[in-house]
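Numbering (full-length UniProt numbering), first residue to last: 1 to 241.
Here a beta-carbon is modelled for each residue, glycine too, at the ideal position from N, C-alpha and C.
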């Protein structure tokens with residue numbers, strides 16, 4: 001490794017440390033009450049966000065959330081695999097269980113985004129598998145999205161199909177969420193609401209699914225939040241797609 005590469009890496013880490021210092025001054029010196037409360041009372045987030053690992057789409061940053069407000073689950077493409085009872089380790093499923101059963105969150109937001117490389121790997125599965133073995137296997141949990149997009153992908157409309165696939169992946173994850181018994185039970189009796197959101201960072205807009213099959217419409221401070229999808233459809237209808 002040459003000196004320039006080392007310097008660049010060190011600069012990135014230095015910015016992280018400096019950022020932490022600003023965070024510490026704000027939350028542990030200027031305004032220490034927040035973390036005192038979180039330490040004393042524990043975390044009580046009302047919202048779980050299932051988001052992509054993409055560095056450009058941090059849910060807390062794009063929503064301006066304070067510490068303790070969001071329980072965030074992140075993975076490639078913001079996907080939720082269908083429920084399985086195989087007793088094997090499942091990281092995303094474990095986080096969902098902890099948020100719903102342990103923390104009692106009131107809302108789950110599946111947050112997709114534009115220009116998602118994970119969804120592109122899903123749609124272009126055969127090509128992606130040559131480069132990303134783990135990613136290719138992971139995104140296959142939403143293989144129905146690729147099936148929905150088949151026949152649509154041409155050079156002329158590739159960008160449009162990409163955006164449609166990203167939104168379809170959000171809806172697929174909502175369907176998969178409803179296969180988890182502890183999610184379906186709480187969604188059915190009104191203790192838990194499911195939402196599908198989509199952040200288009202090319203336009204700087206946030207969209208929300210209006211129903212189990214969309215469409216996605218823009219959200220802003222002056223528009224009402226669409227009704228929870230689980231309540232609109234019922235768990236049985238949602239899982240049936």
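Whether residue i touches residue j by CB criterion (8 Å)
i, j, result
"residue 135", "residue 76", "yes"
"residue 197", "residue 208", "yes"
"residue 70", "residue 78", "no"
"residue 108", "residue 219", "no"
"residue 243", "residue 45", "Outside the displayed span of the chain (1 to 241) sits residue 243, for which this structure offers no information."
"residue 194", "residue 225", "no"
"residue 141", "residue 82", "yes"
"residue 169", "residue 122", "yes"
"residue 146", "residue 127", "no"
"residue 92", "residue 101", "no"
"residue 120", "residue 162", "yes"
"residue 183", "residue 105", "no"
"residue 54", "residue 116", "yes"
"residue 113", "residue 52", "yes"
DSSP bridge partner residues for residue i (one or two, in chain order)
i, result
"residue 48", "71 and 108"
"residue 194", "108"
"residue 200", "205"
"residue 113", "199"
"residue 212", "214"
Neighbour flag for residue i against chain C, beta carbons, 8 Å
i, result
"residue 129", "Of the protein chains in the structure, only one exists, and it is not chain C."
Supposed contact pair residue j and residue i - C-beta distance, whole angstroms, cut 8 Å
i, j, result
"residue 111", "residue 199", "6 Å"
"residue 165", "residue 144", "About 11 Å separates the two Cβ atoms, so there is no contact after all."
"residue 167", "residue 214", "6 Å"
"residue 66", "residue 34", "7 Å"
"residue 210", "residue 217", "6 Å"
Check: residue i C-beta below 7 Å from any heavy atom of the ligand MG
i, result
"residue 90", "What this structure holds is no ligand at all, so the ligand MG is not there to describe."
Residue i: first and last residue of the uninterrupted alpha helix (DSSP H) it sits in
i, result
"residue 60", "59 to 63"
"residue 35", "33 to 41"
"residue 223", "Where residue 223 is concerned, there is no enclosing alpha helix (DSSP H), given that its DSSP letter is neither H nor E."
"residue 92", "91 to 97"
"residue 126", "125 to 129"
Beta strand (DSSP E) segment containing residue i, residue limits
i, result
"residue 217", "216 to 219"
Mind listing, in chain order, the continuous alpha helix (DSSP H) runs of no fewer than 4 residues lying wholly within the stretch 133 to 185? 133 to 139, 143 to 149 and 158 to 177
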